[in-house]
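Note sheet for the following structure.
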Amino acid sequence: MTSSGIAFLGDAGKIAATGAKRILAIQPMGKELQVTVQFAPGESSVVLQGYCPQFVRADKGDVQMDAATHVFSVQLDKPTDSDQATITFTPTKVAEVPPGAFATTWKTDNAGGTATDIEFKATGSNFSIHWEDLFDPSSTGGPQV
Numbered sequence: 000m001t002s003s004g005i006a007f008l009g010d011a012g013k014i015a016a017t018g019a020k021r022i023l024a025i026q027p028m029g030k031e032l033q034v035t036v037q038f039a040p041g042e043s044s045v046v047l048q049g050y051c052p053q054f055v056r057a058d059k060g061d062v063q064m065d066a067a068t069h070v071f072s073v074q075l076d077k078p079t080d081s082d083q084a085t086i087t088f089t090p091t092k093v094a095e096v097p098p099g100a101f102a103t104t105w106k107t108d109n110a111g112g113t114a115t116d117i118e119f120k121a122t123g124s125n126f127s128i129h130w131e132d133l134f135d136p137s138s139t140g141g142p143q144v
């Protein structure tokens with residue numbers, strides 16, 4: 000684990016030939032971790048993996064994180080003008096949802112019933128919901144995640 004709080008695990012499913020160097024640099028930079036990758040001839044992308052107890056965002060690619068194991072992955076594409084790419088990872092306490100993924104607002108008072116659950120169905124995803132009663136935060140004990 001680096002000083003950034005991120006453990007970099009490497010590239011998924013790839014083994015570099017003897018003497019070849021795939022990961023050129025792993026550089027902790029305060030709370031961030033910068034990784035430089037060397038692409039093989041004909042390779043257009045590589046999937047990188049790491050571990051962090053917090054959610055992670057990256058300056059390139061779409062980070063996928065398993066909320067149960069805290070293992071994250073991101074596809075890093077090869078730049079058009081180089082055989083190397085640098086990506087910066089940053090731990091964050093909040094999972095970021097890409098714009099346009101979804102947004103929802105609801106109101107529930109469970110009139111006539113005692114149910115307090117709101118169900119969200121999803122396939123192949125792990126996510127947390129942040130909710131609170133804006134008019135009476137004490138009713139939920141503050142923000143719920």
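With numbering that gives the first Met the number 0, letter number 91 in the sequence shown gets 90, and the count goes up by one each step, no holes. Note that the Cβ used here is the ideal one computed from N, Cα and C, for glycine as well.
Identified DSSP bridge partners for residue i
i: M28; result: E31
i: D58; result: None, per the DSSP bridge assignment.
i: P90; result: V55
i: D76; result: S44
i: M64; result: F71
i: I22; result: V36
Residue i to residue j span [Cα, whole Å]
i: Q63; j: F71; result: 5 angstroms
i: P142; j: K77; result: For P142, the pLDDT reaches just 49, beneath the cut-off of 50, and the residue's location in the model is therefore unreliable, although a value from the coordinates is still provided. Roughly 40 angstroms between the two C-alpha positions.
i: G60; j: S2; result: 23 angstroms
i: V55; j: M0; result: 14 angstroms
i: T89; j: A39; result: 26 angstroms
Proximity of residue i and residue j at Cβ, strictly below 9 angstroms
i: G49; j: L8; result: yes
i: T91; j: Q33; result: no
i: Q83; j: V36; result: yes
i: A147; j: C51; result: One cannot answer for residue 147 here, as it falls past the ends of the chain, which runs 0 to 144.
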